[in-house]
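Contents: one structure, followed by commentary.
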Amino acid sequence: MRLPPFHYLAPRTHAEALEMMRRYRGKVRICAGGTDVMNLLRLRLLTPSYVMSLKGVAGLTGIKRRRGDFAIAAGTTLRDVEEAPEIRLSLPGVAQSAGLVAAPPIRNVATIGGNLLQDTRCLFYNQSELVREAAAPCLKQGGRVCAAVKGSKRCFSVYQGDMAPSLIAFGARAVLKRKGGGRTVPVEALFSGRGTRPLFLGDDEMLTHIIIPIPKGVYGSSYQKLRLRTGLEYPLISSAVFIGVSKKGEIDRARVVIGAAGPAPIVDGEAAASLIGRRPEEVNPEEAADHAGSIARPVDNLAMAGQYRKKMAKVFTKRAIEAALAALGKAGASW
Amino acid sequence: MVKMEKQRITLQVNGEVHEVYAFPNMTLLEVLREELHLTGAKESCGQGACGACTVLLDGLPVRSCLLLAREAEGRQVVTIEGLASGGKLHPIQEAFIEHHAIQCGFCAPGMILTAKALLDRTPDPTEGEIRRALAGNICRCTGYVKIVEAIKAAAAKEK
């Protein structure tokens, strides 16, 4: 199917890109790798007047190691994130997440920024116009009721990005620029929790970098993802876990983040707190994952039933905890 | 409604420079098939899930249905038509024929180009590496075993 008509913008510099975002505010969509936005265009879920390519903008790709952190430019491909030796070594959960997105040909062009800033999805929303027109518009299409949870006034569309859970687990921050200013926020603060408009992102804002602190001392991490087909699929539930151990041998830092359970990644503070203060060998991953299973409340709006995905929230969190514990003190990512 | 105008797009395909006039909303797949008449890359799912439209972009397999033609400017595009040279098939193509890895043939261009990109980087891949590299390509005839065998044979021949 043809894409809807649009004008193509090709800025050469950051400043030009930000100026275009301001000038065409609300009418322009950014195309970085394009793998996500092209499908939304094709389904007419997006019909912008302008599509702005970031291909020619200098400085929007690459990974820089700085004092105490990494700065990953938003236009860096997921393949480059997955394969960068320094990311695999220092931020294994992040490399692992990148390597589990879709399939290799997608990762060759899809970017970390595009993956992070993707829209929420739903079986009743991500459909062709023909299918959508056969029913009353859902909340995400500007209608009055949810099509997935009949009668609900709340949108249950699901954020299915693979990068966000691991980025949040590692305490990453997003650098956003707009003409004449900018802000840097923790990645979790980008999410509104509302399915209809899931990201706190201005029409004129552009994500330029993701800053990820390099954890100190001994630590381990893992990202586990449920999907129907290993080679290609969005997560149906996922879990990212980060665990750090003090010099005394006790877990002193932990983060558990559940993905694809609702409109935003869920930071499970209680599951993380249950790990802190214990020695790694004392942790019972099944028990620690209990809470994750109870706070995830997926509904029947993706390719697997909500009840099943809820059970799997616990299973995949347990696996992520086990893998993060097994990785403690071992350098590098493996999956 | 946006009124678009055709724009000049310069593409390097199979080692040749082509200038075409196309609307900005045209994908690389549409330009390859409709403007350059290179019909080896196929449109199947049209959403990046099947791999039938695979081409190589700077040596890496990508979905040409998910790439605007304008995005491929300044980069090297290789389609299945660019693999044979001097009237002789590429060794991977020959291996696909020898090992009966082509049934209906619809997925074959994508499979072969994906295999080429793999063997260019990893000349002696394990079966796991082959399967992972092909994970984004669907064969609806389900001829995967033969395809994997053909790629293994092509790798062995190149040794």
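Chains A and U, in that order, give the protein sequences. For the first sequence, the numbering used here gives the first residue as 1, with consecutive numbering after it. For the second sequence, the numbering used here gives the first residue as 1001, with consecutive numbering after it. Think of the CB as a built atom: it goes at the ideal place given N, C-alpha and C, for glycine as much as any other residue. It should be emphasised that the depicted structure is a prediction, and the values quoted were computed from it without experimental measurement.
Residue i in three-state terms, based on DSSP
| i | result |
| --- | --- |
| residue 167 of chain A | helix |
| residue 1021 of chain U | strand |
| residue 205 of chain A | coil |
| residue 286 of chain A | helix |
| residue 1136 of chain U | coil |
| residue 7 of chain A | strand |
| residue 94 of chain A | helix |
| residue 1042 of chain U | coil |
| residue 1061 of chain U | strand |
| residue 1145 of chain U | helix |
| residue 307 of chain A | helix |
| residue 213 of chain A | strand |
| residue 80 of chain A | helix |
| residue 276 of chain A | coil |
| residue 101 of chain A | coil |
| residue 1102 of chain U | coil |
| residue 259 of chain A | strand |
| residue 199 of chain A | strand |
| residue 156 of chain A | coil |
| residue 267 of chain A | strand |
| residue 230 of chain A | coil |
| residue 1068 of chain U | strand |
| residue 1120 of chain U | helix |
| residue 301 of chain A | coil |
| residue 1048 of chain U | coil |
| residue 37 of chain A | helix |
| residue 1032 of chain U | helix |
| residue 25 of chain A | coil |
| residue 1126 of chain U | coil |
Same chain, Cβ closer than 7 angstroms to residue i, neighbours up to 5 away in sequence not counted
| i | result |
| --- | --- |
| residue 1155 of chain U | 1119, 1123, 1124, 1125 |
| residue 318 of chain A | 285, 286, 289 |
| residue 209 of chain A | 71, 72, 73, 74, 175 |
| residue 199 of chain A | 117, 190, 191, 192 |
| residue 18 of chain A | 177, 178, 179, 206 |
| residue 1072 of chain U | 1011, 1028, 1057 |
| residue 1014 of chain U | 1078, 1079, 1081, 1082 |
| residue 1 of chain A | 42 |
| residue 30 of chain A | 52, 54, 206 |
In DSSP terms, what residue i is bridged to
| i | result |
| --- | --- |
| residue 223 of chain A | A/240 |
| residue 182 of chain A | A/177 |
| residue 53 of chain A | A/31 |
| residue 1085 of chain U | U/1088 |
| residue 1007 of chain U | U/1022 |
| residue 124 of chain A | The partner list for residue 124 of chain A (beta bridge, DSSP) is empty, contrary to what the question assumes. |
| residue 245 of chain A | A/218, A/251 |
| residue 322 of chain A | BP columns for residue 322 of chain A are empty, so no partner. |
| residue 1077 of chain U | U/1013, U/1057 |
| residue 63 of chain A | A/72 |
| residue 1027 of chain U | U/1068 |
| residue 191 of chain A | A/199 |
| residue 111 of chain A | A/77 |
Distance between beta carbons of residue j and residue i, contact taken as under 8 angstroms
| i | j | result |
| --- | --- | --- |
| residue 223 of chain A | residue 238 of chain A | 7 angstroms |
| residue 1025 of chain U | residue 11 of chain A | That belief does not hold up - the Cβ atoms of residue 1025 of chain U and residue 11 of chain A are roughly 18 angstroms apart, past 8 angstroms. |
| residue 54 of chain A | residue 26 of chain A | So it is not a contact: roughly 18 angstroms between Cβ atoms. |
| residue 110 of chain A | residue 166 of chain A | Not quite, the Cβ-Cβ distance comes to about 16 angstroms (not below 8 angstroms), so this is no contact. |
| residue 1092 of chain U | residue 1069 of chain U | Contact flag wrong, Cβ pair sits at about 26 angstroms. |
| residue 244 of chain A | residue 269 of chain A | That belief does not hold up - the Cβ atoms of residue 244 of chain A and residue 269 of chain A are roughly 15 angstroms apart, past 8 angstroms. |
| residue 105 of chain A | residue 1136 of chain U | 5 angstroms |
| residue 1051 of chain U | residue 1110 of chain U | 4 angstroms |
| residue 173 of chain A | residue 187 of chain A | 7 angstroms |
| residue 213 of chain A | residue 171 of chain A | 6 angstroms |
| residue 7 of chain A | residue 1031 of chain U | Not confirmed; about 18 angstroms, so no contact. |
| residue 113 of chain A | residue 32 of chain A | 6 angstroms |
Partners in chain B for residue i, counting only beta-carbon separations shorter than 7 angstroms
| i | result |
| --- | --- |
| residue 231 of chain A | Among the chains of the structure shown, chain B does not appear; the protein chains present are A and U. |
6 angstroms CB neighbourhood of residue i in its chain, flanking five on each side removed
| i | result |
| --- | --- |
| residue 1055 of chain U | 1041, 1064, 1077, 1079 |
| residue 232 of chain A | 102, 103 |
| residue 95 of chain A | 82, 87, 88, 333 |
| residue 257 of chain A | 165, 168, 169, 240, 265, 267 |
| residue 24 of chain A | 50 |
| residue 1130 of chain U | 1148, 1151 |
| residue 246 of chain A | 252 |
Beta-carbon proximity list for residue i, same chain, < 8 angstroms, skipping 5 on both sides
| i | result |
| --- | --- |
| residue 1027 of chain U | 1064, 1065, 1066, 1067, 1068, 1069 |
| residue 1112 of chain U | 1080, 1083, 1090, 1092, 1093, 1096 |
| residue 93 of chain A | 166, 169, 170, 221, 222, 223, 240, 241, 242, 324, 333 |
Quick check: the stretch 283-301 of chain A against the stretch 197-209 of chain A, are there 3 or more CB pairs under 8 angstroms? no
Is the stretch 1144-1158 of chain U close to the stretch 1099-1114 of chain U, with three or more CB pairs under 8 angstroms? yes
Touch check for the stretch 130-137 of chain A and the stretch 181-196 of chain A: three-plus C-beta pairs under 8 angstroms? no
Could you tell me whether the stretch 294-312 of chain A touches the stretch 1001-1017 of chain U, where touching means 3 or more Cβ pairs closer than 8 angstroms? no
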